Structures are given as C-alpha cells and as structure tokens.
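Student: Going down the list, the protein sequences come from chains Y and A. Final position of the first sequence in this note's numbering is 1731; the numbers increase by one with none missing. Final position of the second sequence in this note's numbering is 1330; the numbers increase by one with none missing. Where a beta carbon is used, it is the ideal one built from N, C-alpha and C, also for glycine. Just so you know, these numbers come straight off a predicted model, no measurement behind them. Below you'll find the structure I mean.
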Amino acid sequence: MADLRSDFIGIKSPNPFWLASAPPTDKEYNVRRAYEAGWGGVVWKTLGMEGPPVVNVNGPRYGAIWGADRRLLGLNNIELITDRPLEVNLREMKAVKRDYPDRALIASIMVPCEEEAWKAILPHVEETGADGIELNFGCPHGMAERGMGSAVGQVPEYIEMVTRWCKMYTRMPVIVKLTPNITNVLYPAEAAKRGGADAVSLINTINSITSVDLDLFAPEPMIDGKGTHGGYCGPAVKPIALNMVAEIARNPETHGLPISGIGGVTTWRDAAEFLALGAGNVQVCTAAMTYGFKVVQEMISGLSEYMDEKGMTSVDQLVGRAVPNVTDWNQLNLNYVAKAKIDQDLCISCGRCFAACEDTSHQAIAMSEDRTFTVIEEECVACNLCVNVCPVEDCISMEPLAAGATDLRTGKTVTPDYANWTTHPNNPSAKVVEVEPAE
Amino acid sequence: MARDVFEPGIVPGRLEPQNYVEGFSDLHPPLDEHEALVAADRCYFCHDAPCMTACPTDIDIPLFIRQIATGTPDAAAKTILSQNILGGMCARVCPTETLCEEVCVREVAEGKPVLIGQLQRYATDHLMAQGVHPFERAAPTGKRVAVVGAGPAGLSCAHRLAMLGHDVEIIDARPKPGGLNEYGIAAYKTPNGFAQAEVNWLMQIGGITFRHEIAVGRDVTLEELKADYDAVFLGMGLVGVNALGAEGEDKAGVANAVDFISELRQSSDLSGVPIGRDVVVIGGGMTAVDAAVQAKLLGALNVTLVYRRGRDRMNASVFEQDLAASKGVRIVTHAVPIAVHGNGAVREIEFEYVDEAMKGTGETLRLQADQVFKAIGQTLLGDGLPDLDGRKIKVDGTGRTSLEGVWAGGDCASGGDDLTVTAVAEGRDAAMDIHTTLMGAAG
C-alpha cells in the first residue's frame, strides 16, 4: 500500500484528502466523525468576525440536478458562513485539534475587508492550534452582497492586500481560496502570490440556479416564492475546476505555487486527476454530503492502488505529472491524423453514432440494411462525437494514422513531422520558419 | 376451510381464500414513478430503433420512453395510443419477449432489455387513471359502418373509424365487449376488470354503439349488414375448437380450454370455480399455458401440459413456458393423445410418443386425469363468409376481402400472428382503408 502521507505547505496529514470548508465541517461533532472516518484534514466552516453571527434562511438551502437513478450530479447552496458564535467555533477547534494532532485543521476565515478586522481575528485562530488559515474569497452568494467572499475574490488588488495583512499578522500558512466567478483565474491567483500567499485553493462554488419551478415560476432553491443564485458544486463542476487548476499550474507567473484542488472530487480517480494537474492535495465536500464521510475510504484505497500500479511511493510523484501536457491550442500538432474505428464485436447496433454523425456532424458513418455501422474514412475528421455518444465503452476508438499512410479525406500523406497553427499557411500571422543555413 | 388437496374429482374451493388473491394478482406489478424513470433511462434512443420495427402496431417506442423519462407520461401515452388504441392491454398481454424486447439492443448486448412493456403500461395507466381520452372525433361524415366482433380487432377498427367521423355499430355474440381480452386471457395478466375499463375508456371517443348477444349467421346475415351499412368489418375471431381425434374424447371431464378460461374470467369468486385434482392440458400455445397455469393456481395437485412437438415449436414463448414451469406445471413434449379412458368420466388419458416427423414410436404414456383441457387451436365458423385462404378469411394488406364493402382482421383473417397486438394493427389499418374508400366515393 502506497504511502499517502501528505505535506502541503508544511501542513502534514495522513492522506491528501481534506474536507472543504462547508456544512460538513461546521462543528466539533461532524469534524470528529470525519477524522474517525479517515479524512486527512478538515478546513473548518468559515469563521466570521466577533459579535452576533450571521443568520441563515429557514427554508431550502440546497438545490440539485440529478442523473439516472437520482444520482446527484450537481448541488447548489445558499448557506452563508458559520451561523454559530466565533468563540464557540474556536473552543471546539481547539478541542478537536488537541485530540487529533496528526490531522490537518485549517481555519477558513471571512471578515470585512478592513485591516483591523483581520488583525483582530488572527490571534484567536492561532490560539486554537490550527495548522493554517484559508481566506474565503470565493463564496458567491449572500456574503458577496456584503462586500465579502467573491466580492473580494473578484478584485485582484483586494486579494493581494488582504493576503499581505494576513501574512503580516500571523505565522500560520495562508491559503487563498479563489472564486471561479471571474473571467481569468490567473489574475486573482497572481494577486494572491504577490500578497505572499503560501498556496491557493480552488475552485469555490459557481453562481447558479439549479432549476425553475414551472408552476410557481420561481428559481430553485426557493424561499417563500423567491430564489437567489447559489454556489454550484459537485461532479458537474469538475471539468471547470480541473481547467482552472491546470491554468495556474502551467502559468509561468504562478507555476510552483502550491494548489489545493477543489471541485467535484467524488472518487479516487477525480483526486488523482487534480493531483496530476498540479494540485498538492484535494478538498472534498459534495461527495461527503451525498454519501457520508465513509467515501474517503474508497479514495484512500483507490489512490493507493493506482500509485502502487504506477510504482509511485509518494503523492508528490503524482503531483503535476500532467501539467507539461497542458498547452495552448496553437501548439497542437496539426499533422496528427486519426480516424474513428468501430469494433464490430462490441457494437450493439443502437445507431447513436450514426444519428449523431449524420444529423450533426460529418456524415462519416454508414448504416447497412442489417444495422452494421462502419466509418467512412473519406469523411471522418476524427471529431470523437461518436465515441462520446456510444453507450458501449471502448466500442469506438480513435486510431491514429501511421506516418506514410494516406488520409482518405484530404488525400494527403501523413507526415511524422510536428507542425502547429503558428506556422500553418492558412494563418495570416504565421511566423516564417527560420531554417538554419547549412554550414 | 379448504378441501384436502388430494380430494379427487372436479371440485371448487381447493385453496384458502388468500391463495386465490395471491395467485391471481398482477403477474407484473406496475412500475412506480421512480422505477419507471430508472427503467426509461436505460433506453438508448436508438436510431431507426429495432423495437419499433418489431412492434406490429409500429409504436414509436424510443419517443414514448423519452417522454416518460422527461416526466410527461401522458404525452408518452398519446404516442402509444395514436398507433395502438389498446396500448394498455397490449402492455399487459403482448409477448414482448418475442417482439420489441427481443430485439432491444440491450437484450442483444446484455440479456436485459429495456422494460418496454412495463413502461408502456406505466404511461397508459397514468393517462387512463385520469379518465382522459386524448383523441377527438372529426366532424360526422354521415357514413355508417358495422363492426362484427368487439375484440381487439373490432375495437381498434371501431375507434379509428369513429375518430374519423364515421358512425360505428359493433355487433358481438357475447354479453360483454372485449373479445378475448375479456374472455380468453389469463386473469393474472389483466386483473381488476381492466378489459372492461379499457373498453369504457375507448368508447369515450363517441360515435360507437354496442349491440351485444347478436351473432352473425344466427341473428343477422352478412348480406343484411352489407345492405344496411356503408361498410362492414369482420373481426369475430375463432369460435370452433379443434377436436383431439382421440378415442373417448366425449367423456365427462374433457373440456375446451377456452371455455374454462372464459368461465374463470367471468367468475366473481374464484373459489367457486371447480378444478380437477389431476389436470391434463393438451396444446402448446398461449391458451394452453393460460389454462395450465390457472388450473394450478386454482389448486390442482398435478397439472401436465402435453404438446405433440418439441418445446422450440411451441407457440407459447419461452417466457410463458418458464412461467408455467415456475408454477409447477409439468411439460411433456412429443406426445399425441390416442385415447381417453374412464367409465363415463375421464380417469386416464393415453398418449403415444412421436418423433420429430410426427411419426408414432409405439411407446405410450398414461396420465391420471380427472380433467382434460383441449387447447389445440380454434377454427372459424360461419356461412356466407367471404372467400377463405385455408381456414381463414382471405384478406389483402389493408384487410379487404373478396366481397366489396367487407373488410376483415384479427384472428378470423389470414396473415399475421394470432396476437392481440396484431389484431389491433389489422383493425386500425382496415379502418384507414374503409375511410379512404368511403370518403373517396363521397368525393
């Protein structure tokens, strides 16, 4: 069994699976259960400033979308930061950390964008023995209306400023949690780095309305006939999160900045994908809220088995492995040619590939009287739609053409040479390939 | 208190009351909403779907399943009923395992088809439970059509004609409409009076009147009908029962399986239906299985179904054969009855084993029997009928017979399997041709 011990910006945990700051980490009772179930770390539900806590709605806080058999695919919430007094949370954090010294405990914090507010709360948090803090610049609902959460996360200058205050007033490592509700995640990530952040974590939830009640004509989740946008999370947001993590990992300005990956991690495989794209660990929320804390056991065994198969002896060996292969479109090899291939032994003759290709793509699949489906290589552009709509795994594959073969669509011979858009003759701004003069 | 199961003879009340309730309850309990959604989600929405091609009534199965999956079962029901007005009954009695579900790509790939029949029932039940009739009658045409037989073919034809604006009179020899749906199908396939409920629902289209206990040939002639109506559709089914051709088959205790099923279906108290201790059913079709299984459910100690050929030649599907076996029916193949023994009433029935070419082997089998049901096919009876093709009324692809102005469909007509769904398709198609003919003549 692979060693899953994790050291993220100096914060040690027995595995790289942390619970994200969210309802599951709102109080001592839940966090103790999480640690008992095997979670490596917990980011405590976001703390606010001293005084009367925020209040939550007394109706539905969550909305959802489902796949087959009501498998939960996406969840949205309009819950605010902790609605329990600061001192209660601090007391419980201290007690939990004392009993679970080997587990990571991070305090998520959101106070007004004023230096005094941050300066005031940090010593109290430090006093609990927490291993680090996470600045909640991501929460997109409710708190943002009050100038906090994503309202800060959408202004890189504020991110940098607050991060700098935190680095000034505490010795604890500082993780800056980023909102995806922006045009380019690199600006806030770079701002966090300039402010001295030890790491960024992302993504926080995405502005969303999960559905509309077509009898009441109101969005879900609905409170007394009205609804507001909530934060979207769960398996549905994973592709968005993976891209943002990868963008930060491969950006020269932020490359090397530790990342805590968040967004739809549901299985060990999801976690491994985040790690491969540069995340040093992952945070999980929706999977736990859907299935309970026990899911971490599958994540631990799955990641461990995968690492053993790959001969990896520590999580670090996986982190960032896929980053060099994330590139810009203009760097893709335009001389690479593939064609769809249908495995007739696996084909069940449903004809979905045919309908998709015939109606919406390139008319590159033929259908015979006896429902045999074959690829017309003269038309196939290898778009992959047939693979994606085929209900049978591995039935349709994209087979690359070997160098020297003829692409029946273009009539051209496949070359082994790499060539991309930057030098393509159709590109008006193509650079002339400079050829070294012969010696 | 129930009788001793070992009591010989044909007697009622062999079982405790709850045994009848359990035995004759729905063979396939209806899907609830969640089950329907899960089942619907398995449909791949195939292009040019094989299930649709396999359906004798050409129901757009992928479309109706998608309509269920998206929460619009009534729209699904309309998709079904626009092709097959008896979609509710067909969902219950169709041998889906040899039709749509047999060719479902998921059956071919995994051995687990999409539950098309049960989904069809879910949709049609959903609509019918609201008492909604989703079709409207066209403006009256002034044309009158006589439909002979209130079974699946006749009802289908009548509904389509009424929808197109014609006035329809259905004539049936029985007291109740429904034909085999009401009198000839196992009770556990269509419990709770569904056959009558469906007819009542179908009649909501308007323009259809029903004249019961009138038999063509006895109470009215085809000539008279032709003279009195603009068109005639014959859908009267088969009322003659083939004889065994075995010595002593007139002994007491030897009966027609269709009469037994009919009596059982019309009984308001199943504990009052007498059944033998040792029952032998002769035949290999759906009627034979329906009789054998229900004999067992009524408390017969031993039920044996004897068929003259191999199981692969039985008209009853493998599912039906397995159902019979699961209820405790013994299936004997390659045996033909040669003699019924007994002193006045049957006591034993003797068979000879035959080879694949139906040649006697000389080896015999004697089965103890106090009740024997014949289920070896039915024949068309009647005088003055249109020309026959073999033993059935000769029809073309649209149901036209040799007589002008007379169409036919269902079991009495040539072509197609003797299935409810085939009868519905034939009745519907004949109605369309009658409509075209009548309106063309008018114009």
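Below 8 Å CB to CB, which residues in the same chain sit around LEU1569 (chain Y) once its five sequence neighbours on both sides are set aside?
Tutor: Stepping through the first sequence from its first residue, residue 1569 (chain Y) is reached at position 277. Excluding sequence neighbours, LEU1569 (chain Y) sits near LEU1534, VAL1537, ALA1538, ALA1541, GLY1553, GLY1612, ALA1614, VAL1615 and VAL1618.
Student: In this structure, how does DSSP classify SER1553 (chain Y) when only helix, strand and coil are distinguished?
Tutor: Locating residue 1553 (chain Y) in the first sequence gives position 261, where the first residue counts as 1. Note on residue identity: the sequence assigns Gly, not Ser, to residue 1553 (chain Y). Strand, per DSSP.
Student: Hey, does LEU1700 (chain Y) have any beta-carbon neighbour from chain A nearer than 7 Å?
Tutor: If you number the first sequence from 1, residue 1700 (chain Y) lands on position 408. Output row for LEU1700 (chain Y): interface = no.
Student: Below 7 Å CB to CB, which residues in the same chain sit around SER1606 (chain Y) once its five sequence neighbours on both sides are set aside?
Tutor: Indexing the first sequence from 1 puts residue 1606 (chain Y) at position 314. Same-chain partners within the cutoff: ASP1295.
Student: Do ILE1688 (chain Y) and CYS1672 (chain Y) come within 7 Å of each other at the CB atom, strictly closer than that value?
Tutor: Residue 1672 (chain Y) sits at position 380 when you count from the first residue of the first sequence. Residue 1688 (chain Y) sits at position 396 when you count from the first residue of the first sequence. No. Outside cutoff.
Student: Can you pull the chain Y neighbours of CYS977 (chain A), defined as C-beta to C-beta under 9 Å?
Tutor: Here residue 977 (chain A) refers to the residue found at position 90 of the second sequence. Within chain Y, no residue comes near CYS977 (chain A); the closest Cβ sits about 24 Å away, beyond 9 Å.
Student: So with CB distances below 7 Å, who are the chain C contacts of GLY1643 (chain Y)?
Tutor: Absent here is chain C; the protein component of the structure consists of chains Y and A.
Student: Are the CB atoms of PHE1665 (chain Y) and ILE1634 (chain Y) within a distance shorter than 7 Å?
Tutor: Within the first sequence, numbered from 1, the residue matching residue 1634 (chain Y) stands at position 342. Within the first sequence, numbered from 1, the residue matching residue 1665 (chain Y) stands at position 373. Cβ atoms of ILE1634 (chain Y) and PHE1665 (chain Y): closer than 7 Å.
Student: For TRP1088 (chain A), is the classification buried or exposed, using 16 other Cβ atoms within 10 angstroms of its Cβ as the cut-off for buried?
Tutor: Counting from 1 along the second sequence, the entry for residue 1088 (chain A) is found at position 201. By the 16-neighbour rule on beta-carbons within 10 angstroms, TRP1088 (chain A) is buried.
Student: Among the residues of its own chain, which have a CB less than 7 Å from the CB of LYS1723 (chain Y), if the five just before and after it don't count?
Tutor: In the first sequence, the residue the question calls residue 1723 (chain Y) occupies position 431. Closer than 7 Å at Cβ, skipping near neighbours: THR1714 and THR1715.
Student: Rounded to the nearest angstrom, how far is the Cβ of TRP1336 (chain Y) from that of SER1313 (chain Y), given a contact under 8 Å?
Tutor: For this step, residue 1336 (chain Y) is matched to residue 44 along the first sequence. For this step, residue 1313 (chain Y) is matched to residue 21 along the first sequence. Sure, about 6 Å apart at Cβ, within 8 Å.
Student: By the DSSP assignment, the beta strand (DSSP E) with ARG1253 (chain A) in it spans what residues?
Tutor: What you label residue 1253 (chain A) is simply residue 366 of the second sequence in a count that begins at 1. Looking at the DSSP string, the run of the beta strand (DSSP E) that includes ARG1253 (chain A) is 1247 to 1255.
Student: Just tell me which of A:GLU1291, A:ALA927 and A:VAL1311 has its CA closest to the CA of GLN1007 (chain A).
Tutor: For the purposes of this step, residue 1007 (chain A) is taken as residue 120 along the second sequence, with counting starting at 1. The shortest C-alpha separation from GLN1007 (chain A) is found at A:ALA927.
Student: Decide if ARG1663 (chain Y) is buried, meaning its Cβ has at least 16 other Cβ atoms within 10 Å, or exposed.
Tutor: On the first sequence, residue 1663 (chain Y) is found 371 positions in, with the first residue counted as 1. The residue is buried, with at least 16 neighbouring Cβ atoms inside 10 Å.
Student: Can you check whether the C-beta of ALA1632 (chain Y) is within less than 7 Å of a C-beta belonging to chain A?
Tutor: Counted from its first residue, the first sequence places residue 1632 (chain Y) at position 340. No, ALA1632 (chain Y) does not count as interfacial toward chain A.
Student: Does chain Y have any CB closer than 7 Å to the CB of ASP1106 (chain A)?
Tutor: Taking the first residue of the second sequence as position 1, residue 1106 (chain A) is located at position 219. No, no contact with chain Y.
Student: Compile a chain-ordered list of the residues in the stretch 1666 to 1695 of chain Y whose CB is closer than 8 Å to at least one CB of chain A.
Tutor: PRO1683 and VAL1684
Student: The alpha helix (DSSP H) that contains LEU1334 (chain A), what's its start and end?
Tutor: As displayed, chain A neither begins before 888 nor continues past 1330, which places residue 1334 (chain A) out of reach and without an answer.
Student: Does DSSP classify GLU1235 (chain A) as helix, strand or coil?
Tutor: For this step, residue 1235 (chain A) is matched to residue 348 along the second sequence. In the structure shown, GLU1235 (chain A) sits in a strand (DSSP, three-state: E or B).
Student: Using the Cα positions of GLY1330 (chain A) and HIS1053 (chain A), report the straight-line distance between them to the nearest angstrom.
Tutor: Position 443 of the second sequence, counted from the first residue, corresponds to residue 1330 (chain A). Position 166 of the second sequence, counted from the first residue, corresponds to residue 1053 (chain A). For GLY1330 (chain A), the predicted structure reports a pLDDT of 45, less than 50, and the residue's modelled location is therefore unreliable. A value from the coordinates is still provided. One C-alpha to the other measures close to 15 Å.
Student: May I ask you to list, following chain order, the residues of the stretch 988 to 1001 of chain A that have a beta carbon less than 9 Å from some beta carbon of chain Y?
Tutor: VAL992, ARG993, VAL995, ALA996 and GLU997
Student: Take LEU1306 (chain A) and list the residues in its own chain whose beta-carbon comes closer than 6 Å to its own, dropping the five residues that flank it on each side.
Tutor: Residue 1306 (chain A) sits at position 419 when you count from the first residue of the second sequence. Here the set comprises nothing.
Student: Per DSSP, what are the beta-bridge partners of ARG1098 (chain A) in this structure?
Tutor: Taking the first residue of the second sequence as position 1, residue 1098 (chain A) is located at position 211. DSSP lists A:ILE1058 as partners of ARG1098 (chain A).
Student: Would you kindly report the start and end of the unbroken beta strand (DSSP E) that includes GLN1575 (chain Y)?
Tutor: For the purposes of this step, residue 1575 (chain Y) is taken as residue 283 along the first sequence, with counting starting at 1. Start and end: 1573 to 1576.
Student: Determine the DSSP secondary structure at GLN1083 (chain A), reduced to helix, strand or coil.
Tutor: Within the second sequence, residue 1083 (chain A) is the residue found at index 196, counting from 1. It is helical.
Student: Pull up the distance between the alpha-carbon of TRP1310 (chain Y) and that of VAL1334 (chain Y), whole angstroms please.
Tutor: Walking along the first sequence from the start, residue 1310 (chain Y) turns up at place 18. Walking along the first sequence from the start, residue 1334 (chain Y) turns up at place 42. Taking the straight line from one Cα to the other gives about 5 Å.
Student: Here's the rule I'm using: 16 or more other beta-carbon atoms within 10 Å means buried, otherwise exposed. How should PHE1509 (chain Y) be labelled?
Tutor: The sequence position of residue 1509 (chain Y) within the first sequence is 217, counting from 1. With fewer than 16 other Cβ atoms within 10 Å, it is exposed.
Student: Is DSSP giving ARG929 (chain A) helix, strand or coil here?
Tutor: Reading the second sequence from its first residue, position 42 is the one you call residue 929 (chain A). Coil.
Student: Over the uninterrupted beta strand (DSSP E) stretch that includes ASP1209 (chain A), give me the two end residues.
Tutor: The sequence position of residue 1209 (chain A) within the second sequence is 322, counting from 1. Taken as a continuous stretch (DSSP letters only), ASP1209 (chain A) belongs to no beta strand (DSSP E), being part of the alpha helix (DSSP H) at 1205 to 1213.
Student: Give the residues of chain A in contact with ASP1361 (chain Y), contact being defined as C-beta atoms less than 9 Å apart.
Tutor: Residue 1361 (chain Y) sits at position 69 when you count from the first residue of the first sequence. Those are HIS921, LEU924, VAL925 and ASP928, listed as they occur along chain A.
Student: Mark VAL1629 (chain Y) as exposed unless 16 or more other C-beta atoms lie within 10 angstroms of its C-beta, in which case mark it buried.
Tutor: Position 337 of the first sequence, counted from the first residue, corresponds to residue 1629 (chain Y). By the 10 Å Cβ count, VAL1629 (chain Y) comes out buried.
Student: Name the chain A residues that come within less than 7 Å of ALA1647 (chain Y), Cβ to Cβ?
Tutor: Within the first sequence, residue 1647 (chain Y) is the residue found at index 355, counting from 1. Correct list: HIS934.
Student: Determine whether the Cβ of ILE1370 (chain Y) lies closer than 7 Å to any Cβ atom of chain A.
Tutor: As a position in the first sequence, residue 1370 (chain Y) is number 78, starting the count at 1. ILE1370 (chain Y) is outside the set of residues whose beta carbon lies under 7 Å from a beta carbon in chain A.
Student: Distance check for THR1338 (chain Y) and PRO1344 (chain Y), CA to CA, integer angstroms please.
Tutor: As a working mapping, residue 1344 (chain Y) is identified with position 52 in the first sequence. As a working mapping, residue 1338 (chain Y) is identified with position 46 in the first sequence. One Cα belongs to PRO1344 (chain Y), the other to THR1338 (chain Y), and the distance between them is close to 15 Å.
Student: What residue range is occupied by the uninterrupted beta strand (DSSP E) comprising ASN1499 (chain Y)?
Tutor: In the first sequence, residue 1499 (chain Y) corresponds to position 207, counting from 1. 1498 to 1500 is the span of the beta strand (DSSP E), which, as asked, contains ASN1499 (chain Y).
Student: Does the CB of ILE1657 (chain Y) have a neighbour CB from chain A at under 7 Å?
Tutor: On the first sequence, residue 1657 (chain Y) is found 365 positions in, with the first residue counted as 1. So no, ILE1657 (chain Y) is outside the interface.
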